[in-house]
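Input: a single structure, listed below in structure tokens.
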Amino acid sequence: MNIFDIHPLTWEGLLCCFLSGVIIGLERQLRGKPVGVRTSALICIGTYIFVAMTRAVSTDVTDPSRIVGQVVTGIGFLGAGVILTRQGVVVGVTSASAIWVLAAIGATIGLGFSWLGVRLAVLAVFILVGVDLLENRFEAMQRGVHQKPQPGRGSKQDSAKGSQ
Numbered sequence: 366m367n368i369f370d371i372h373p374l375t376w377e378g379l380l381c382c383f384l385s386g387v388i389i390g391l392e393r394q395l396r397g398k399p400v401g402v403r404t405s406a407l408i409c410i411g412t413y414i415f416v417a418m419t420r421a422v423s424t425d426v427t428d429p430s431r432i433v434g435q436v437v438t439g440i441g442f443l444g445a446g447v448i449l450t451r452q453g454v455v456v457g458v459t460s461a462s463a464i465w466v467l468a469a470i471g472a473t474i475g476l477g478f479s480w481l482g483v484r485l486a487v488l489a490v491f492i493l494v495g496v497d498l499l500e501n502r503f504e505a506m507q508r509g510v511h512q513k514p515q516p517g518r519g520s521k522q523d524s525a526k527g528s529q
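Going from the sequence shown to this note's numbering is simple: count from 1 and add 365.
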């Protein structure tokens with residue numbers, strides 16, 4: 366028995382998941398967003414394990430794609446946990462999307478496309494940072510995305526003022 370044998374997983378797959386999680390998690394953590402390095406790496410590795418383990422499941426007994434479907438459902442609940450409403454403004458949707466992308470990257474790596482997963486992580490960070498730069502540069506890109514609560518639109522302070 367070789368303790369370094371992790372079949373059906375691979376060390377390359379685990380490394381690519383870790384790198385992908387660090388790439389996305391570092392961007393989130395440095396900007397003070399939910400889902401930092403640890404969480405990102407664990408989401409990617411966890412999804413990788415579930416998907417890669419489907420190779421060990423007999424297709425005569427079950428459909429391996431059902432396992433992927435269940436992972437996607439579970440990740441949806443995890444992503445929903447970071448979406449909040451603060452003073453009438455929904456926050457955390459981008460972090461929830463990052464969780465979903467991390468799971469997709471883990472699944473990609475689990476299906477044998479290890480380095481594609483790392484490239485997708487770089488693309489995700491490019492989108493996260495690039496769109497933020499564009500939003501800061503062009504006011505028109507901020508419409509409807511980063512709205513602040515307006516007086517008279519249902520905030521708690523407005524309700525208190527109206528009842529006086």
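Here a beta-carbon is modelled for each residue, glycine too, at the ideal position from N, C-alpha and C. The structure displayed is predicted, hence computed values, not measured ones.
Out of curiosity, what's the CA-to-CA distance linking residue i and residue j?
i: Q394; j: V400; result: 7 Å
i: V447; j: G453; result: 16 Å
i: L449; j: F478; result: 34 Å
i: A417; j: C382; result: 12 Å
i: A406; j: V387; result: 6 Å
i: V402; j: A486; result: 13 Å
i: R396; j: M506; result: 20 Å
i: I432; j: T404; result: 21 Å
i: V422; j: V496; result: 41 Å
i: V458; j: L443; result: 12 Å
i: F491; j: A472; result: 20 Å
i: M366; j: L488; result: 40 Å
Do residue i and residue j have their CB atoms nearer than 8 Å?
i: T378; j: I474; result: Residue 378 is actually Gly in this sequence, not Thr. Their beta carbons are under 8 Å apart, which means G378 touches I474 by this criterion.
i: I408; j: I371; result: no
i: P429; j: T438; result: no
i: V483; j: L384; result: yes
i: S460; j: K398; result: yes
Classify residue i: buried if its beta carbon has 16 or more other beta carbons within 10 angstroms, exposed otherwise.
i: G434; result: exposed
i: I470; result: buried
i: L499; result: exposed
i: V436; result: buried
i: I440; result: buried
i: A445; result: exposed
i: T424; result: exposed
Would you mind giving the Cβ-Cβ distance between residue i and residue j, rounded to the nearest angstrom? I have them listed as a contact below 8 Å.
i: I414; j: L467; result: I414 to L467, Cβ: 13 Å. No contact.
i: E392; j: L481; result: With 8 Å as the limit, E392 and L481 do not qualify as a contact, their Cβ atoms being about 19 Å apart.
Tell me the DSSP secondary structure of residue i in three-state form.
i: V496; result: helix
i: M366; result: coil
i: L449; result: strand
i: V436; result: helix
i: V387; result: helix
i: G378; result: helix
i: V455; result: strand
i: Q522; result: A caution first: Q522 carries a pLDDT of 49, below 50, which makes its placement in the model unreliable, though a value can still be read off. In the structure shown, Q522 sits in a helix (DSSP, three-state: H, G or I).
i: I371; result: coil
i: P429; result: helix
i: T420; result: Per the sequence shown, the amino acid found at residue 420 is Arg instead of Thr. Of the three classes helix, strand and coil, the one that applies to R420 here is helix, per DSSP.
Compare the C-beta of residue i with all C-beta atoms of chain B and state if any pair is closer than 8 Å.
i: V454; result: Of the chains in the structure shown, none is chain B; there is only one protein chain.
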